[in-house]
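Chains as they are written, first to last, in my numbering: chain A, 1 to 235; chain B, 236 to 493.
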C-alpha cells in the first residue's frame, strides 16, 4: 500500500530566548508512517506534543532534526529542509489541514473561505463556489450565513466552515486538529461520515480527537505520543 | 509556473557613512509571491525596499530583474531611462503616504490615466473607461472620477494610489507600509482589496510593514530585520507561529491580543 507520509526520528524543542534561553523539549524521535486510506490518531494527554507534530508536518513549526518525507507531485520531498516555496506548493496540492480555530479574513464570505483552496488549485470560481455550497449545506450551516464573513459566527459554525474548507479538495494527506471539538452530535456524525469517505477515496488522515466516541469510530490506529516524550530517553 | 525567479537580490548593502542601512541581504522573489519585510523603525526595511526599487543606490550588491522577454537585467547597469520606464510600467510603488505617490492637484481619473499614457495609450475614451473600471475595483464611486485626491479621505487616497499602480498590470509591486496611518476598519477593507487583487492578477509584491497581522494576511514569506541585518526568514506562518531568533520572539510576543 502507498505510504504518502513518513515521519522519522523527528525532534522538536522550543528555545525561549526571552526567558533566559531555557529550552523546552517537546518530542524526540517521532517515527511513524501513514498509509493511503487509513486514519491514524495521535493519542496522549494535553501537552504531549500532538499539535506540535501536526504543525511540523504542515510546516508551520520548524523541525529541529529528523525527516518528514511526503510524496508530492510524484517526488519524495523532505519537509524538514524544503524551502518555503515548496511547502506552499505542498499545501496547495498534497497536505490539507483542518485547524481547531478559523483564522477569519475580514470581508471574505463563508462561501469563499471554503472555496479558496479549490480556486488556488485553478478551479473555476463558479465550480468552486458550487462545491463549497454543497459542503456547507451538508454540514448544516444555514444558507443565510453563506454570504457573511465567518468572524462573527459561533464556535461551532466557524468550525464547520473550517471543516468544509479542509475537506473541499482531494489532497492525498489530510491533517485534522480536533475538527469535532465544538460540534453537536448530529454534526459530529456528519464529520465522521466525511472522514470515512476520505478513507475510501484513499486519503491518508492524521488526526487529534479528544472525544472518545469519535476517536473510536474513525481511528484505524492510535499513535501514542507519550512514547516520543523527551524525558523517556533519559529514564 | 515558471522555474525562474522574478527578482534576484544578491548581497545588497547600503551604508550611510559608517552607519549600516542594510547589510548583505540576498533572496529570490518568485512570480506570484508576496514577501513581507518586517522589523521595527530603523531596522533598515525601507532602505532595503528603496535599494531594490532603484530609488536608492546601494553601496554594494546586485539586483537583477527578469524582464518580460525572460532575460535578467542588472538594475544598476541599466540606463536611467530604462529604469524609469520599468518603474512606470512593469512595476508599482505604493507609498505609505498617498500624497507621495499621487498627483494631488489633478483629478482621480487623470492619476490613473497618466500611467496608461506612459505605456502608450492615447485614446481618451479608452483611458477614461479603464480609469473608471479601476476606480470601481478599488471601491471608489464613479462620480468621484473628476475630483482631485485632495478632496479624498486617507483611505480613498490610498485606494486610488493602488489603482494608479495596478492599472498597467505591473508584475512587481513594492509597498511601504500600505496600511500605516489608516484606521482599522479602513485597513481591513484595504487589506482585503490588496489580497484579492494580488491573487487575481498573480502579482509579486514586496511589502514593508511593522504590523505582523498585515504580514500574516498578505504574505507567503517573511524576512525579519533588525539593525540592518536579516535575523530570520521563512514561510510567514512558520516565522510567526514558531519564531526562532530572539528578536522575532520578542516581536511576536509583543502583539497585543484583542
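The beta carbon of each residue, even a glycine, is placed where N, CA and C say it ideally should be.
Pair within 8 Å by beta-carbon distance, residue 176 of chain A and residue 156 of chain A = By the CB criterion at 8 Å, residue 176 of chain A and residue 156 of chain A fall outside the cutoff.
Tell me the DSSP bridge mates of residue 5 of chain A?
-> Looking at the DSSP assignment, residue 5 of chain A forms a beta bridge with A/34 and A/70.
State the start and end residues of the unbroken alpha helix (DSSP H) segment that holds residue 53 of chain A.
-> First-last of the alpha helix (DSSP H) with residue 53 of chain A: 50-58.
At which residue ranges does the segment 379-425 of chain B contain complete alpha helix (DSSP H) runs of 4 or more residues, listed in the order of the chain?
-> Complete alpha helix (DSSP H) runs here, min 4: 389-401.
Mind listing which residues of the segment 55-70 of chain A have their C-beta closer than 8 Å to chain B's C-betas, in chain order?
-> Across the segment 55-70 of chain A, CB contacts with chain B closer than 8 Å involve 55, 59, 60, 61 and 62, in sequence order along the chain.
Using a Cβ-Cβ cut-off of 8 Å, state whether residue 473 of chain B counts as contacting chain A.
-> At least one CB atom of chain A sits nearer than 8 Å to the CB of residue 473 of chain B.
Counting only beta-carbon atoms, is residue 210 of chain A nearer than 8 Å to chain D?
-> The chain labelled as chain D is not found among the protein chains of the depicted structure, namely A and B.
Chain B within 8 Å of residue 139 of chain A, Cβ atoms only | Cβ-Cβ to chain B under 8 Å: no for residue 139 of chain A.
Is the Cβ of residue 484 of chain B closer than 8 Å to any Cβ of chain A?
-> At a cut-off of 8 Å between C-beta atoms, residue 484 of chain B counts as an interface residue with respect to chain A.
Would you identify the three-state DSSP class for residue 107 of chain A, choosing helix, strand or coil?
-> In the three-state reduction of the DSSP assignment, residue 107 of chain A falls in the coil class.
Leaving out the 5 sequence neighbours to the left and right, which residues in its chain are closer than 7 Å to residue 100 of chain A when beta-carbon positions are compared?
-> Contacts found: 177, 178 and 181.
Residues that residue 265 of chain B contacts on chain A, provided the C-beta gap is smaller than 8 Å | Within chain A, the residues near residue 265 of chain B are 85.
Can you tell me where the alpha helix (DSSP H) with residue 101 of chain A in it begins and where it stops?
-> Note, residue 101 of chain A: premise wrong, no alpha helix (DSSP H); not H, not E.
With a Cβ-Cβ cutoff of 8 Å, do residue 336 of chain B and residue 380 of chain B count as a contact?
-> Annotated as distal: residue 336 of chain B and residue 380 of chain B, with beta-carbon spacing of 8 Å or more.
Note the first and the last residue of the continuous alpha helix (DSSP H) segment covering residue 297 of chain B.
-> Careful: residue 297 of chain B lies outside any alpha helix (DSSP H), inside the beta strand (DSSP E) at 295-301.
Unbroken stretches of the beta strand (DSSP E), 3 residues or longer, contained in the segment 424-469 of chain B | Complete beta strand (DSSP E) runs here, min 3: 439-444 and 456-461.
So which residues of chain A does residue 423 of chain B contact, with C-beta pairs closer than 8 Å?
-> Correct list: 106 and 107.
Under a Cβ-count criterion, where at least 16 other Cβ atoms within 10 Å of its own Cβ denotes burial, should residue 95 of chain A be classed as buried or exposed?
-> With 16 or more neighbouring CB atoms inside 10 Å of its own CB, residue 95 of chain A falls in the buried class.
Taking residue 166 of chain A as the reference, give the member of A/148, A/194, A/146 and A/149 with the closest Cα.
-> For the set A/148, A/194, A/146 and A/149, the Cα lying nearest the Cα of residue 166 of chain A is the one of A/194.
Keeping to the same chain, check which residues put their C-beta closer than 6 Å to that of residue 230 of chain A; ignore five residues upstream and five downstream.
-> Within the same chain, and ignoring the five residues on either side of residue 230 of chain A in sequence, the residues whose Cβ sits closer than 6 Å to its Cβ are 25 and 28.
Consider the Cβ of residue 479 of chain B: report whether some Cβ of chain A lies at a distance smaller than 8 Å.
-> So, interface residue.
Give the straight-line distance between the Cα atoms of residue 158 of chain A and residue 130 of chain A, rounded to the nearest whole angstrom.
-> Those two C-alpha atoms are separated by around 19 Å.
Helix, strand or coil: how does DSSP classify residue 251 of chain B here?
-> In this structure, residue 251 of chain B counts as strand in the three-state DSSP scheme.
Who are the neighbours of residue 17 of chain A on chain B, taking C-beta pairs under 7 Å?
-> Under the 7 Å cutoff, chain B gives 481 and 484.
Cutoff 7 Å; reference residue 402 of chain B; Cβ partners in own chain excluding five residues on either side | Once the five neighbours on either side are set aside, the close Cβ partners of residue 402 of chain B are 347, 350, 351, 365 and 369.
Just tell me which of B/462, B/393 and B/427 has its CA closest to the CA of residue 333 of chain B.
-> Comparing Cα positions, the closest option is B/393.
On the three-pair Cβ rule with 8 Å, is the segment 279-286 of chain B touching the segment 241-257 of chain B?
-> Three or more Cβ pairs drawn from the segment 279-286 of chain B and the segment 241-257 of chain B lie within less than 8 Å of each other, which places the two stretches in contact.
Which bits of chain A does residue 238 of chain B rub up against, with CB to CB less than 7 Å?
-> Ordered by position in chain A, no residue passes the 7 Å Cβ test against residue 238 of chain B, which lies about 10 Å from the chain.
Within 8 Å (strictly less), CB to CB, does residue 88 of chain A reach chain B?
-> Yes, contact with chain B.
Would you mind sorting residue 359 of chain B into buried or exposed? The rule is 16 or more other CB atoms within 10 Å of its CB.
-> Classification of residue 359 of chain B: exposed, given that the 10 Å Cβ count is below 16.
How would you label residue 22 of chain A, buried or exposed, when you count the other beta carbons within 10 angstroms and need 16 or more for buried?
-> The residue is exposed, with fewer than 16 neighbouring Cβ atoms inside 10 Å.
Identify whether residue 234 of chain A lies in helix, strand or coil by the three-state DSSP scheme.
-> Bear in mind that a pLDDT of 47 at residue 234 of chain A, under 50, signals an unreliable position, so the model cannot answer this.
Beta carbon of residue 164 of chain A nearer than 8 Å to that of residue 5 of chain A = No, these two residues do not count as a Cβ contact at 8 Å.
DSSP-derived helix/strand/coil call for residue 204 of chain A = Here DSSP, grouped into helix, strand and coil, assigns residue 204 of chain A to strand.
What three-state label does DSSP hand residue 189 of chain B in the structure shown?
-> Shown here, chain B extends from 236 to 493; a query on residue 189 of chain B therefore has no answer.
Are the Cβ atoms of residue 298 of chain B and residue 244 of chain B separated by less than 8 Å?
-> Yes, the Cβ-Cβ distance between residue 298 of chain B and residue 244 of chain B is below 8 Å.
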